[in-house]
Structure formats: structure tokens, C-alpha cells
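Some notes on the structure that comes next.
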Amino acid sequence: MVKKTIHEINAKIRDGSVNVVTAEEMVNIVGELGPEGASREVDVVTTGTFGAMCSSGVWFNFGHSEPPIKMQKVWMNDVEAYTGVAAVDAYMGATQLSESLGMDYGGAHVIEDLLRGKSVDVHAVSHGTDCYPRKVLDTSLSLEDMNQAIMINPRNAYQKYNAATNSSKQTIHTYMGSLLPRLGNVTYSGAGVLSPLSNDPEYLTIGTGTRIFLGGAQGYIVGQGTQHASAGMFGTLMLQGDLKKMSPDYIRAANFTGYGTSLYVGMGIPIPVLDERIAQATAVSDADITTSILDYSVPSRDRPVLRKVTYEELRSGHVELEGREVATSSLSSFKRARAIASELKDWISGGDFLVSMPVERLPGNTSSHAMKETEGVSFVSDIMSVSVVTIEEDASVYKAAKIIMETAFNHLPVVSKDNVLVGIVTAWDISKAVSQNKFDLVEDIMTRKVITARVDEQVAVVARRLDQHGVSALPVVNGGNHVVGIITSDDISKLFARRH
Amino acid sequence: MKIKITISGETVVKPIIAESILETGVLLNVSQAHFDRSQGEIVADVMEEHYEKVYKALSSRGARVTRLDSPIEWNEDECVECSACISVCPTKVFSLEEDYSLRVDKAKCIQCGTCVEMCPQRALTLINSK
């Protein structure tokens with residue numbers, strides 16, 4: 001039985017005799033020597049990960065102006081930071097978007113710009129008080145000008161993460177990147193074999209107070225991250241570090257089309273090999289870590305699982321899905337994760353970084369539950385109009401015009417002989433046909449690609465669909481594509497008018 | 001070489017591509033086509049020596065023809081080598097080397113722009129993009 005203490009390992013780090021390997025190298029070492037031999041041989045295993053971590057941000061202290069201001073709202077390069085605390089403290093979150101540039105620039109970019117030595121425009125407003133009389137402030141500050149710039153990331157270093165695909169007929173843009181239609185690709189995130197928490201899944205050495213690599217500098221684990229769900233192997237960490245000491249090699253702003261901004265965070269955790277159990281845990285490989293491929297085209301919290309998959313399969317470049325080979329892409333950089341594990345290894349071998357034991361263990365066996373919603377949820381069936389009037393595809397444009405005038409419906413779903421939805425015709429389509437002097441059949445002027453809704457969908461989902469496609473009504477169809485109703489933007493407006 | 005053929009909404013219904021192929025006898029290898037209410041856009045391969053003929057035939061029928069001679073631009077300083085681009089590229093321009101460095105084979109690029117939207121670092125750009 002091997003038993004080492006943290007003090008013995010730190011003594012070896014100080015005298016330069018420590019043996020440090022990366023978690024990737026450890027797989028073979030345990031394979032050859034077994035856990036006992038490996039724990040005798042190896043003192044520290046380093047891990048690393050470099051991925052988009054939305055739940056990241058920085059606390060700034062700007063220093064006091066003359067006369068002083070108690071900031072009530074503050075913007076940095078037009079991105080709002082949270083300042084509902086003391087006078088000149090504010091938290092810039094990675095995903096907050098610029099008020100003028102929208103999704104092209106966000107909190108993550110402010111953080112990267114500062115890190116690259118650029119100055120940012122700071123604008124703040126306040127009520128003005130007896131002790132803080134100033135009401136408006138405008139200045140330009142660089143990272144040097146801040147008293148503190150402390151990165152505090154509420155949720156980083158996911159033990160592992162779901163992989164994503166899309167079974168719908170349209171490309172969707174998500175925080176997992178562009179997902180091509182008809183299971184066109186699979187994206188995933190996480191460092192697998194190098195993932196910090198996957199190398200210590202029982203949290204024997206990782207916990208509150210553990211000294212880590214964060215953004216190219218030394219940082220610390222604050223404790224469990226938000227949404228820490230250790231029971232399902234979805235543990236997370238809350239981290240802190242000094243932005244002033246970090247490097248843009250490991251902290252980078254990201255843009256996900258259609259989603260917004262995020263921050264690539266590079267972090268790594270050293271795992272002191274105190275005994276065989278820890279050595280065994282650090283031998284975890286890509287083949288041992290499984291995750292689920294979820295269908296992100298389902299706009300729900302509970303996305304269907306298409307299959308289980310290992311990181312080894314994901315990293316091979318393609319996975320089999322419904323009998324087809326589908327290309328995979330990582331959204332996190334394995335090359336940078338390796339660079340982090342190796343840099344941390346050098347720090348420790350060089351005596352610059354001491355390992356630590358947690359002052360408090362992370363909670364095991366926790367799960368995170370869904371939101372409790374106290375306001376009723378509305379479904380399409382609750383507010384759709386069932387007295388929908390349809391028209392046959394071979395009817396005349398004249399007949400369509402007549403129906404619209406008589407019924408005051410602006411949208412007529414067009415159906416085939418067997419009552420299946422084949423198109424939609426609106427008052428606008430008819431006006432256009434008339435202006436071009438075309439008075440033929442409905443099927444010649446109708447829109448064939450109809451956007452529809454189902455009775456069991458939530459109104460919130462359908463409202464976004466209307467908005468996305470720039471239309472004002474959707475025929476509601478059942479499984480056989482028969483029209484059972486119609487839902488309009490008016491119906492939705494009324495619903496909200498009733499509520500408020 | 002690659003060309004982009006832009007067809008306005010009014011011309012979309014006319015078989016101008018077929019007519020041009022018949023008239024010139026030059027084959028067009030269509031690699032991408034996209035149509036909506038306002039216009040149609042086709043990316044096709046054509047041999048350099050036939051470009052002038054095809055250009056005349058299509059232009060005389062109301063299409064706009066532009067040369068696509070600048071493939072994807074890769075900004076290596078911005079790139080973090082995450083590899084997000086790999087799974088969306090229809091022609092396998094991107095791949096990972098043994099050491100997980102990104103390899104970009106520009107010769108295969110058909111300038112569809114899918115990777116431009118995908119790249120979280122905005123490290124990929126197309127000069128001729130929409």
C-alpha cells in the first residue's frame with residue numbers, strides 16, 4: 001500500500017525530485033505498472049481543459065472618482081456590468097451583449113480587450129447622494145488602471161458535457177455551434193482524458209481551496225460550481241483568479257452565431273497522487289468517459305437522447321447515428337488542453353507551483369432540479385382558433401378573395417383533396433396576384449413551404465417561430481398534416497394582455 | 001475555377017443555366033444552389049478557358065456572374081484550433097493533424113461560408129461572402 005502526504009510531495013517539488021506527468025501520459029503508466037506501481041512512481045498528475053464557458057466573468061474595482069460616484073448602472077465599451085453592490089465594484093459577465101453591436105461584441109470581448117492591453121470606455125450613471133454626489137461618469141480604463149480585476153467563474157470545468165445534433169430540416173444555431181439539418185453533424189465539448197473532474201470523480205483531492213491553473217496564472221477553486229450535479233457525473237467548479245496575471249493564450253472571447261458571446265477559459269488542476277485509488281482514477285481514458293448525444297432541435301429542457309457515446313468515438317471524427325456516419329467536431333481545443341496540462345507540469349517540476357489539499361470537499365451525490373414555475377404554461381391548444389377556414393388548391397383566386405372578405409381571416413391554409421395541408425394563401429398574396437393581373441388558381445399563387453404549429457406545443461415556442469420566420473399566423477396541424485386550427489400573433493398578444 | 005451566378009427574382013423561373021450550357025456546350029459543375037423569394041445563387045465550377053463564353057451567355061440572360069477566386073481566409077492568430085469547422089464543411093477543407101493542430105486545405109474550398117458562421121473565434125472569413 002502506498003501512502004503519501006501532500007507535504008512529502010511538496011518537499012519533492014521544492015527539492016526538484018518530483019515526478020509529474022499529464023493525465024494523458026498517466027493512462028499508459030497505470031496500464032504498465034498498475035495502480036500501485038504508478039502511485040509509487042508518479043507524484044502529481046496534471047489535467048487541462050480549454051473550452052467555451054459561458055458562466056464566467058470578472059469583478060472589477062475601478063477606484064473612486066472625484067467627486068465620487070455610487071454607480072447605479074455601468075457599461076464597459078457599451079456592455080453592461082452588474083453593479084448592484086458597493087460604489088465602484090462591478091461584475092462583467094461573459095455573455096452580456098453590447099447595446100450597440102449586439103451579438104458581435106460582449107462581456108467576453110471586454111475581458112479579452114483588457115487582457116490585450118487595450119483601454120475600454122467606462123460610462124456610469126447614478127442618483128447622486130450626499131456621500132456620492134456625482135451623477136454621470138465617463139472615462140477610459142485599462143487593466144492596469146483597475147484596483148482589482150478578479151475573475152470569478154460561477155460554473156466552469158464541467159466534468160463532461162452532452163454532445164449535440166439536430167434532427168430537424170433546418171440548420172439551427174446554438175451554443176453548441178451550427179447544427180446541420182437531418183443529423184448533419186455532431187458537436188461536443190470537453191477534454192475527455194484530460195478533463196480535471198473526470199480524473200478525480202470522487203473529489204478526493206479537488207475541492208474548496210485547491211490551487212489551480214486558470215487562464216495562464218495561479219488560481220483557486222472557490223467550491224462547487226452552480227448546477228453542480230455530482231450524482232450524474234456532471235460536477236462543476238466555481239473558480240477564481242487574478243485577471244491581471246492571465247494571458248490571452250488561455251482566455252479568449254468567442255461568438256456563437258445566433259446565440260451570442262462566450263468566453264474560452266483555459267484551466268487545469270494538478271492531482272497529487274497520494275495513494276493507489278487516486279492513481280487508478282487518473283488512468284481514466286477517452287474510452288471510459290461516456291456522454292449522450294442530444295437532439296437540440298427539440299426546444300425543450302428535456303431533449304431526447306439519441307444514443308450514448310464515448311469521448312473516444314467523438315474524437316475519432318465521426319459517430320454512427322441511425323445507420324449513418326456523422327462527422328463530429330469538438331468546440332473545445334484539445335491541443336490547448338494539452339498545452340495547459342504540460343505547462344502546469346513544467347510549473348510543478350520547476351518548483352514554481354505547490355500542490356494543495358482542499359480545505360473542504362466538494363459535495364457528492366447532488367443533483368440539480370428543474371425550475372419550479374408558478375405561472376401557468378399555455379399551450380397552442382389553449383389559444384388557437386379552431387374555426388379555421390381552408391381552401392382547396394384548385395380553387396380560384398377569386399374564391400379565395402371572397403372567403404377572406406366574408407370571414408375576415410387573413411390567412412387561408414390550402415389543402416389537397418384528401419384534406420392534407422399543401423400551402424397557405426394570404427390577403428397579401430392575392431393583392432400581389434391581382435396587381436400582376438393574374439387570376440388563376442390558388443395553387444399558382446400560394447406559399448408552398450408552410451410553417452406550422454402543433455396543438456401540444458408551448459405558446460412561447462410558437463411565438464418565437466412566428467418571429468423567426470416573419471409571419472403572423474401558423475396553421476396548427478396534427479400528425480397526418482391535417483389542419484385542426486390556426487394560431488395568430490393576435491391570439492398571442494391577447495394572451496399576454498390578459499396576464500398583465 | 002469557381003464562379004457565383006446570381007439570378008434575380010424575376011429570372012429565377014427561366015431555365016437560363018440550361019440554355020447557357022446548351023448554347024456554349026460548356027459543362028458547369030454545380031456545387032451549391034440556394035433560392036428564395038428574392039433571388040437565386042449558384043456556385044459552380046467551370047474551366048478557366050471557358051469562363052468568357054459562360055460569362056457572356058449567362059450575362060446576356062440577366063444573370064450576374066462573379067469569379068470566386070479567393071478561398072477561405074484562415075487567421076491563425078485568432079484560431080484556437082477547437083476544430084468546430086471540421087464537421088460543417090461539405091468538402092473536408094479542415095482536418096486535425098496527429099498533434100491536434102488544425103490543417104486547412106484551401107484548394108478544396110467551395111466558398112459556401114458555412115464554417116464562417118460556425119467559427120467561435122471569427123477566424124475564418126470569405127472575401128466574396130454575401
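Protein sequences appear in the order of chains D and Y. Per the numbering used here, numbering of the first sequence is gapless, rising by one per residue and ending at 500. Per the numbering used here, numbering of the second sequence is gapless, rising by one per residue and ending at 130. Here a beta-carbon is modelled for each residue, glycine too, at the ideal position from N, C-alpha and C.
As DSSP reads the structure, Phe62 (chain D) sits in no beta bridge.
Within the region 126-204 of chain D, no run of alpha helix (DSSP H) at least 4 residues long lies entirely inside it. Taking a C-beta cut-off of 8 Å against chain D, the contacting residues of the region 104-123 of chain Y are Thr114, Glu117, Met118, Pro120, Gln121 and Arg122, listed in chain order. Beta bridge pairing from DSSP links Gln458 (chain D) with D:Phe379. Taking 7 Å as the CB threshold, Asn153 (chain D) stays off the interface with chain Y. Under the Cβ criterion of 7 Å, Arg40 (chain D) is not counted among the residues facing chain Y. The continuous stretches of beta strand (DSSP E) do not include Ala231 (chain D), and DSSP gives it neither H nor E. Of all residues in the region 176-198 of chain D, only Gly177, Ser178, Leu180, Asn185, Val186 and Thr187 place a beta-carbon less than 7 Å from a beta-carbon of chain Y.
Approximately 5 Å separates the beta-carbon atoms of Ile221 (chain D) and Leu237 (chain D); this is inside 8 Å, confirming the contact.
Gln436 (chain D) sits in coil when the DSSP states are folded into three classes, being neither helix nor strand. Here the alpha carbons of Ser330 (chain D) and Lys118 (chain D) stand approximately 30 Å from one another. Contacts between Leu331 (chain D) and chain Y, judged by CB atoms closer than 9 Å, involve Cys82, Ser83, Ala84 and Pro120 in chain order. For Ala473 (chain D), there is no enclosing alpha helix (DSSP H); the residue is part of the beta strand (DSSP E) that begins and ends at Ala473 to Val477. As the crow flies, the alpha-carbon of Phe496 (chain D) is around 10 Å from that of Asp490 (chain D).
With a cutoff of 7 Å on beta-carbon distance, Val45 (chain D) and Ile271 (chain D) are scored as near each other. According to DSSP, Val305 (chain D) shares a beta bridge with D:Leu294. Looking from the CA of Glu41 (chain D), the closest CA among D:Val18, D:Glu457 and D:Val386 belongs to D:Val18.
Considered as a whole, the region 390-421 of chain D harbours 411-415 as its complete beta strand (DSSP E) runs of no fewer than 3 residues, in chain order.
For Tyr51 (chain Y), the three-state secondary structure derived from DSSP is helix. If you ignore the 5 residues before and after Ile492 (chain D), its C-beta comes within less than 8 Å of the C-beta of Ile383, Val459, Val462, Ala463 and Leu466, all in its own chain and listed in chain order. At a cut-off of 7 Å between beta-carbon atoms, Val88 (chain Y) makes contact with chain D. Positions of the beta strand (DSSP E) runs, each at least 3 residues long and wholly inside the region 26-75 of chain Y, are given as 29-35, 39-45 and 64-68 in order along the chain. Per DSSP, reduced to three states, the secondary structure at His318 (chain D) is strand.
Here the alpha carbons of Ala108 (chain D) and Trp347 (chain D) stand approximately 27 Å from one another. Contact annotation, Leu362 (chain D) with Gly235 (chain D): C-beta distance approximately 7 Å; criterion of less than 8 Å satisfied. Contact annotation: in the region 249-272 of chain D, residues whose CB is within less than 7 Å of a CB in chain Y are Arg252, Ala254, Asn255, Phe256, Thr257 and Tyr264. In the three-state reduction of the DSSP assignment, Lys245 (chain D) falls in the helix class, which pools H, G and I. The C-alpha of Phe35 (chain Y) lies about 8 Å from the C-alpha of Val12 (chain Y). Per DSSP, the continuous beta strand (DSSP E) segment holding Val79 (chain D) begins and ends at Val79 to Ala81.
Less than 7 Å divides the Cβ of Gln32 (chain Y) from the Cβ of Val43 (chain Y). Between Lys4 (chain Y) and Thr24 (chain Y), the C-beta spacing is not below 7 Å. Contact annotation for Thr328 (chain D) against chain Y: Ser87 [CB-CB distance below 7 Å, chain order]. Under DSSP, the beta-bridge partners assigned to Asn255 (chain D) are D:Thr261. Under a criterion of Cβ atoms nearer than 8 Å, no residue of chain Y is adjacent to Ala473 (chain D); the nearest Cβ is some 18 Å distant. Only those residues of the region 61-80 of chain Y whose C-beta falls short of 7 Å from the nearest C-beta of chain D are listed: Val80. Residue pairing for Glu360 (chain D): DSSP places it in a beta bridge opposite D:Thr208.
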